[in-house]
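Everything on this sheet refers to the single structure shown next.
Numbering (this note's numbering), first residue to last: 4 to 237.
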């Protein structure tokens, strides 16, 4: 499946009564040949040690075609977060409209022995901060993750500078700072476990649907003298 972005106007029940109009904008990509993708690797200390890195590359397997391959390695105990962000998803609520909720999805591919776990995380970057929604862990070679109706409070901040997870810090879906969306995985290296070993995983089938916050319907805007304030996203 190639990269797809669609904007869809959707009448809500409130819009039927001529009081509100809502819309969704959707992004999907499973080929990763879009030049707008950028890749990041961040490490977090474990027991005073930090190290390791992730190598990103496009790969192919007959079962599902192109996917984003990640090869992980660390010589010491550490946690590594891999992140892939799509520039085309940049969204400024002050310009593009507030976000009511998002639907997100991905496929996590375990390229190690089948008994190992896969995990999936959806990421948001805003104002130099990183936020994640973790889908959890499952045992097996592949796992499809999908969650709909996520609010800002469903994403928690990863403070990568101070090595903290800030459960009370969330992205701003209605402010004036742009958000960029992406996905990835996290991996823990431990002594007696995966330290010093190469671990391989992959992510595929990026999916994001942004639900715009309802705004007054056109008739209501005219009545309020706000018709000129409506801006359509390209």
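Every residue gets a Cβ at the ideal spot worked out from N, C-alpha and C, and that includes glycine.
All values reported here derive from a predicted model rather than from experimental measurement.
Using CA atoms only, rank isn't needed, just tell me which of the options is closest to residue i.
| i | options | result |
| --- | --- | --- |
| residue 27 | 103, 38, 85 | 103 |
| residue 83 | 172, 39, 161 | 161 |
| residue 125 | 197, 58, 182, 166 | 182 |
| residue 150 | 138, 69, 169 | 138 |
| residue 213 | 171, 36, 100 | 100 |
| residue 190 | 176, 77, 129, 167 | 77 |
| residue 48 | 164, 196, 148, 136 | 164 |
| residue 131 | 145, 175, 140 | 175 |
Taking the continuous alpha helix (DSSP H) assigned at residue i, which residues delimit it?
| i | result |
| --- | --- |
| residue 99 | 96-99 |
Is it the case that the Cβ atoms of residue i and residue j are separated by a distance below 8 Å?
| i | j | result |
| --- | --- | --- |
| residue 123 | residue 111 | yes |
| residue 133 | residue 173 | no |
| residue 209 | residue 89 | yes |
| residue 105 | residue 153 | yes |
| residue 108 | residue 148 | yes |
Buried or exposed for residue i, going by 16 or more other Cβ atoms inside 10 Å?
| i | result |
| --- | --- |
| residue 187 | buried |
| residue 205 | buried |
| residue 60 | exposed |
| residue 237 | A caution first: residue 237 carries a pLDDT of 36, below 50, which makes its placement in the model unreliable, though a value can still be read off. Classification for residue 237: exposed. |
| residue 1 | Beyond the ends of the chain as shown, which are 4 and 237, falls residue 1; an answer cannot be given. |
| residue 179 | exposed |
| residue 171 | exposed |
| residue 87 | buried |
| residue 127 | buried |
| residue 46 | buried |
Within a Cβ cutoff of 8 Å, which residues of the same chain sit near residue i, ignoring the five residues on either side of it in sequence?
| i | result |
| --- | --- |
| residue 20 | With a pLDDT of only 32 at residue 20, under the threshold of 50, the placement of this residue in the model should not be trusted; the figure read from the coordinates follows. Once the five neighbours on either side are set aside, residue 20 has no close Cβ partner at all. |
| residue 52 | 79, 80, 81 |
| residue 156 | 173 |
| residue 3 | Residue 3 is absent from the structure shown; the chain starts at 4 and stops at 237. |
| residue 74 | 57, 58, 60, 201, 202, 203 |
| residue 115 | 202, 203, 204 |
| residue 50 | 80 |
Determine the extent of the beta strand (DSSP E) in which residue i is found, giving its start and end residues.
| i | result |
| --- | --- |
| residue 108 | 102-113 |
| residue 42 | 40-48 |
| residue 128 | 120-129 |
| residue 161 | 159-162 |
| residue 173 | Careful: residue 173 lies outside any beta strand (DSSP E) and carries neither H nor E. |
| residue 85 | 81-89 |
| residue 138 | 132-142 |
| residue 150 | 145-153 |
| residue 201 | No beta strand (DSSP E) holds residue 201; DSSP gives it neither H nor E. |
| residue 187 | 182-192 |
Excluding the 5 residues preceding and the 5 following residue i in the sequence, name in chain order all residues of the same chain whose CB lies nearer than 6 Å to its CB.
| i | result |
| --- | --- |
| residue 4 | Interpretation of residue 4 is limited by its pLDDT of 42, a score under 50 that renders its predicted location unreliable; the figure taken from the coordinates is listed afterwards. Result list for residue 4: 33, in chain order. |
| residue 56 | 44 |
| residue 93 | 181, 183 |
| residue 227 | With a pLDDT of only 36 at residue 227, under the threshold of 50, the placement of this residue in the model should not be trusted, and no figure is reported. |
| residue 158 | 127, 134, 136, 173, 174 |
| residue 11 | For residue 11, the predicted structure reports a pLDDT of 45, less than 50, and the residue's modelled location is therefore unreliable. The matter cannot be settled from this model. |
| residue 95 | 181 |
| residue 231 | Because the pLDDT at residue 231 is just 34, under 50, the model does not fix this residue reliably, and the point stays unresolved. |
With 8 Å set as the bound, which would you pick, yes or no: does the beta-carbon of residue i sit closer than that to a beta-carbon of chain D?
| i | result |
| --- | --- |
| residue 183 | Chain labels in this structure do not include chain D; a single protein chain is all it has. |
Please work out which residues of its chain come closer than 7 Å, Cβ to Cβ, to residue i, disregarding the five sequence neighbours upstream and downstream, and give them in chain order.
| i | result |
| --- | --- |
| residue 194 | 80 |
| residue 2 | Any question about residue 2 goes unanswered here, given that the chain covers just 4 to 237. |
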